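Listed in order, the protein sequences are those of chains A and B.
Numbering-wise (this note's numbering), the first sequence opens with residue 326 and increments by one.
Numbering-wise (this note's numbering), the second sequence opens with residue 18 and increments by one.
Read through the structure below, which is laid out as structure tokens, and then see the notes.
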Amino acid sequence: MTQELNYLKETPSQTAGPYVHIGLAPGAAGFDLYKQELGWDIAGPNAKGERIRIEGIVIDGTGSPVKDVLLEAWQANADGNYAHPEGGGDVEQGFRGWGRVITDFETGEWGFNTIKPGSTQGRNVGTQAPHINLWIVARGINVGLNTRIYFDDEAEANAADPVLNLVEWERRRATLIAKRTERDGAVVYRFDVKLQGEDETVFFDI
Amino acid sequence: MPKPGEFYQRDREWHPPALTRDYKTSVSRSPQYSLISLQNSVSEITGPVFGHNDIDPLDKDLIYNYAQPGESAIGERIILHGRVLDENGRPVPKTLVEAWQANAGGRYRHKKDTYLAPIDPNFGGCGRTLTDENGYYYFRTVKPGAYPWRNWVNSWRPAHIHMSIFGTGFAQRLITQCYFEGDPLIHKCPIVNTIPDPEAINRLIAPLDLNATIPLDTIAYKFDIVLRGRRSTLFENRLEGN
Numbered sequence: 326m327t328q329e330l331n332y333l334k335e336t337p338s339q340t341a342g343p344y345v346h347i348g349l350a351p352g353a354a355g356f357d358l359y360k361q362e363l364g365w366d367i368a369g370p371n372a373k374g375e376r377i378r379i380e381g382i383v384i385d386g387t388g389s390p391v392k393d394v395l396l397e398a399w400q401a402n403a404d405g406n407y408a409h410p411e412g413g414g415d416v417e418q419g420f421r422g423w424g425r426v427i428t429d430f431e432t433g434e435w436g437f438n439t440i441k442p443g444s445t446q447g448r449n450v451g452t453q454a455p456h457i458n459l460w461i462v463a464r465g466i467n468v469g470l471n472t473r474i475y476f477d478d479e480a481e482a483n484a485a486d487p488v489l490n491l492v493e494w495e496r497r498r499a500t501l502i503a504k505r506t507e508r509d510g511a512v513v514y515r516f517d518v519k520l521q522g523e524d525e526t527v528f529f530d531i
Numbered sequence: 018m019p020k021p022g023e024f025y026q027r028d029r030e031w032h033p034p035a036l037t038r039d040y041k042t043s044v045s046r047s048p049q050y051s052l053i054s055l056q057n058s059v060s061e062i063t064g065p066v067f068g069h070n071d072i073d074p075l076d077k078d079l080i081y082n083y084a085q086p087g088e089s090a091i092g093e094r095i096i097l098h099g100r101v102l103d104e105n106g107r108p109v110p111k112t113l114v115e116a117w118q119a120n121a122g123g124r125y126r127h128k129k130d131t132y133l134a135p136i137d138p139n140f141g142g143c144g145r146t147l148t149d150e151n152g153y154y155y156f157r158t159v160k161p162g163a164y165p166w167r168n169w170v171n172s173w174r175p176a177h178i179h180m181s182i183f184g185t186g187f188a189q190r191l192i193t194q195c196y197f198e199g200d201p202l203i204h205k206c207p208i209v210n211t212i213p214d215p216e217a218i219n220r221l222i223a224p225l226d227l228n229a230t231i232p233l234d235t236i237a238y239k240f241d242i243v244l245r246g247r248r249s250t251l252f253e254n255r256l257e258g259n
């Protein structure tokens with residue numbers, strides 16, 4: 326016998342189910358219960374940096390849109406700081422850097438407005454290219470899926486990014502890079518997520 | 018005191034795998050490639066911070082938070098309470114806990130739920146609260162009903178409350194479901210059974226907690242939640258290019 330390691334075990338995950346909106350975005354479920362829902366304003370009014378919109382769709386292994394998915398975004402401000410005590414530095418008043426994103430129930434399309442994040446510090450040395458962490462939950466997803474959104478107009482920074490470079494298959498890295506377009510003078514990035522099949526998105530065990 | 022470092026790696030054999038054929042919806046929604054293991058950077062160690070300005074004290078009382086004045090939700094009145102700890106056994110204070118559930122008849126207040134059990138006009142079905150400095154949280158609600166769902170033709174979900182927890186870092190983000198002691202549907206449920214280890218399933222079953230009841234008023238169940246713990250940085254480890 327040895328002494329016992331008395332660590333606790335993490336609570337096991339369960340699917341968020343089809344009615345995740347009731348809990349996390351009741352307005353989308355069809356009723357207003359809270360005075361304010363959380364996560365609809367990621368950057369706040371005072372954030373500096375480029376105002377952008379990111380849009381996409383989550384596709385399942387049959388090629389169909391996942392219409393009941395919920396996503397959460399987590400990002401740094403334009404200086405590369407997170408709104409957190411260990412986030413690297415100060416952020417603007419009202420900048421939370423976290424958002425909750427729901428789909429159009431008919432089409433599965435989603436989108437959110439934010440500011441483009443700056444480069445952030447690497448794990449120990451160096452920097453990470455601008456990116457947004459994304460967490461995806463839905464019916465049929467047993468443990469929330471983590472991925473990252475990078476930006477296609479950051480080719481130089483992306484080429485040096487330690488996380489992108491961790492993806493051994495170069496062609497799979499492209500699944501993590503959003504494509505910049507303009508619509509009515511506004512910047513819109515496209516980021517589709519494929520849960521399964523050809524060009525399956527890279528997901529991380531973080 | 019040593020600085021906190023990365024979160025302990027998630028035990029993927031303890032959590033359900035992505036592909037669980039008896040839970041049919043997972044088949045086309047499960048990635049086929051392996052997850053790429055990523056050592057935590059600042060992007061994973063940090064996560065959103067919430068405060069009392071974000072929520073209302075009534076949000077944690079599902080019996081009254083959607084009820085008309087003078088009315089209340091129908092069903093067995095319960096307190097669901099517990100602590101949010103990390104794997105080191107330390108409380109996780111001031112973290113956001115969100116809950117959602119069906120009503121006492123097993124019906125969700127959701128555009129997409131068409132089960133024949135009636136909507137309760139006084140029950141919304143969601144609540145949220147922040148843990149206190151000891152990691153403690155509590156909700157008041159009604160015990161949800163079981164309901165049928167289309168997996169097999171005769172599949173029934175055990176009574177359950179969905180729980181969403183943040184922790185301090187995005188790597189701790191967790192959604193799970195709380196079940197209730199004694200429910201014969203638990204071990205028949207394909208969603209419960211996505212979890213391979215019976216001991217892990219037991220961790221999702223809240224015991225009756227008579228010490229926490231309000232006598233002659235409300236019964237209680239206890240549901241503790243454990244989030245990933247963080248290692249201590251005992252020695253600096255600076256890897257080139259990492």
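The C-beta atom is built at its ideal place from N, Cα and C for all residues, glycine as well.
Keep in mind it's a predicted model, so treat the numbers as computed, not measured.
### Spatially closest choice to residue 453(A) from 358(A), 393(A), 413(A), 345(A), by CA coordinates
For the purposes of this step, residue 453(A) is identified with residue 128 of the first sequence, where counting begins at 1. Answer by Cα proximity: 413(A).
### Task
Within its chain, find whatever has a CB closer than 6 Å to the CB of residue 404(A); leave out the 5 residues flanking it on each side and keep chain order.
Counted from its first residue, the first sequence places residue 404(A) at position 79. The residues are 443.
### Message
Against chain B, does residue 498(A) count as a neighbour if the rule is that its beta carbon must be under 8 Å from one of theirs?
### Response
Taking the first residue of the first sequence as position 1, residue 498(A) is located at position 173. No - not a single Cβ of chain B is within 8 Å of the one on residue 498(A).
### Message
I'd like to know whether the C-beta of residue 484(A) is nearer than 8 Å to at least one C-beta of chain B.
### Response
To locate residue 484(A), count along the first sequence from 1; it is residue 159. So, not an interface residue.
### Query
CB residue 466(A) to CB residue 143(B), shorter than 8 Å?
On the first sequence, position 141 is the one that residue 466(A) refers to. On the second sequence, position 126 is the one that residue 143(B) refers to. No, these two residues do not count as a Cβ contact at 8 Å.
### Query
Whole beta strand (DSSP E) runs in the region 187-221 of chain B with 3 or more residues, listed along the chain?
Counting whole runs of 3 or more residues, the region 187-221 of chain B contains the beta strand (DSSP E) stretches 191-197.
#### Entry: N- and C-terminal bounds of the alpha helix (DSSP H) containing residue 346(A)
Along the first sequence, read from residue 1 onward, the residue named residue 346(A) stands at position 21. DSSP places residue 346(A) in the uninterrupted alpha helix (DSSP H) bounded by 345-349.
### Message
With a threshold of 7 Å on Cβ separation, who are the neighbours of residue 81(B) within its own chain once the five nearest residues in sequence on each side are excluded?
### Response
Taking the first residue of the second sequence as 1, we reach residue 81(B) at position 64. Hits under 7 Å: 75, 89.
### Closer than 7 Å at the beta carbon, the chain B residues around residue 418(A)
Along the first sequence, read from residue 1 onward, the residue named residue 418(A) stands at position 93. Going along chain B, no residue has its Cβ under 7 Å from residue 418(A), so there is no contact; the nearest lies around 13 Å.
### Query
Relative to chain B, which residues along the region 327-341 of chain A have a C-beta separation below 8 Å, given in chain order?
Correct list: 331, 332, 333, 334, 335, 336, 337, 338, 339, 340, 341.
### Query
Under a three-way DSSP split, which group does residue 483(A) fall into?
Working through the first sequence from its first residue, we reach residue 483(A) at position 158. Note: residue 483(A) maps to helix in three-state DSSP.
### Query
Is it true that the CB of residue 154(B) sits closer than 8 Å to the CB of residue 197(B)?
As a position in the second sequence, residue 197(B) is number 180, starting the count at 1. As a position in the second sequence, residue 154(B) is number 137, starting the count at 1. Going by beta carbons, residue 197(B) and residue 154(B) fall outside the 8 Å limit.
#### Entry: Through-space distance from residue 481(A) to residue 258(B), alpha-carbon basis
The residue you call residue 258(B) lines up with position 241 of the second sequence. The residue you call residue 481(A) lines up with position 156 of the first sequence. At residue 258(B) the pLDDT is 43, less than 50, meaning the model places this residue with poor confidence; the figure from the coordinates comes in the next sentence. It is roughly 16 Å from the alpha-carbon of residue 258(B) to the alpha-carbon of residue 481(A).
### Message
Restricting to runs no shorter than 3 residues, where is the beta strand (DSSP E) found entirely within the region 362-387 of chain A?
### Response
Secondary structure within the region 362-387 of chain A: the beta strand (DSSP E) runs of 3 or more consecutive residues, fully enclosed, are 376-384 (chain order).
### Task
Go ahead and pull the three-state DSSP assignment for residue 257(B).
Here residue 257(B) refers to the residue found at position 240 when the second sequence is read from its first residue. Interpretation of residue 257(B) is limited by its pLDDT of 46, a score under 50 that renders its predicted location unreliable; the figure taken from the coordinates is listed afterwards. DSSP places residue 257(B) in coil when its eight states are reduced to three.
### Task
Please decide whether residue 390(A) counts as near chain B, where near means a Cβ-Cβ distance under 8 Å.
Taking the first residue of the first sequence as position 1, residue 390(A) is located at position 65. Taking Cβ atoms only, chain B never reaches closer than 8 Å to residue 390(A), which makes this a no.
#### Entry: Cβ of residue 239(B) within 8 Å of any chain A Cβ
Reading the second sequence from its first residue, position 222 is the one you call residue 239(B). Taking a beta-carbon distance threshold of 8 Å, residue 239(B) does not count as an interface residue toward chain A.
### Query
By how many angstroms is the C-alpha of residue 34(B) removed from the C-alpha of residue 472(A)?
Here residue 472(A) refers to the residue found at position 147 of the first sequence. Here residue 34(B) refers to the residue found at position 17 of the second sequence. Distance between the alpha carbons of residue 472(A) and residue 34(B) is about 17 Å.
### Query
With distances taken between CB atoms, is the gap from residue 369(A) to residue 430(A) smaller than 8 Å?
By 1-based counting over the first sequence, the position of residue 369(A) is 44. By 1-based counting over the first sequence, the position of residue 430(A) is 105. Not a contact, by the Cβ cut-off of 8 Å.
#### Entry: Beta-ladder partner(s) of residue 180(B), from DSSP
As a first step, residue 180(B) is located in the second sequence; it is residue number 163 there, counting from the start. BP columns for residue 180(B) point to 116(B), 193(B).
### Message
Which residue marks the beginning of the alpha helix (DSSP H) containing residue 45(B), and which one marks its end?
### Response
As a position in the second sequence, residue 45(B) is number 28, starting the count at 1. Residue 45(B): member of the alpha helix (DSSP H) spanning 43-46, first to last residue.
### Collapsed DSSP secondary structure at residue 23(B) in the structure displayed
Working through the second sequence from its first residue, we reach residue 23(B) at position 6. For residue 23(B), the secondary structure class from DSSP, reduced to helix, strand or coil, is strand.
### Query
What residue range is occupied by the uninterrupted alpha helix (DSSP H) comprising residue 60(B)?
Locating residue 60(B) in the second sequence gives position 43, counting from the first residue. Per DSSP, residue 60(B) belongs to the alpha helix (DSSP H) from 59-62.
#### Entry: Neighbour list for residue 263(B) in chain A, Cβ cutoff strictly below 8 Å
This structure leaves residue 263(B) out entirely; chain B is present only between 18 and 259.
### Query
Using a Cβ-Cβ cut-off of 7 Å (strictly less than) and excluding sequence neighbours within five positions of residue 135(B), which residues of its own chain qualify?
Start at 1 with the first residue of the second sequence, and residue 135(B) comes out as number 118. The beta carbon of residue 135(B) lies closer than 7 Å to those of 122, 124 in the same chain, with the five residues before and after it left out.
### Query
Which residues, in order along the region 460-486 of chain A, keep a beta-carbon less than 9 Å from a beta-carbon of chain B?
Against chain B - using a Cβ distance shorter than 9 Å - the residues of the region 460-486 of chain A are 460, 462, 463, 464, 465, 466, 467, 468, 469, 470, 471, 473.
### Query
Among 91(B), 98(B), 106(B), which one has its Cα closest to the Cα of residue 230(B)?
Reading the second sequence from its first residue, position 213 is the one you call residue 230(B). Of the candidates 91(B), 98(B), 106(B), the one whose C-alpha sits nearest the C-alpha of residue 230(B) is 98(B).
### Query
Between which two residues does the beta strand (DSSP E) harbouring residue 330(B) extend?
Examination of residue 330(B) is not possible in this model, given that chain B is present from 18 through 259 alone.
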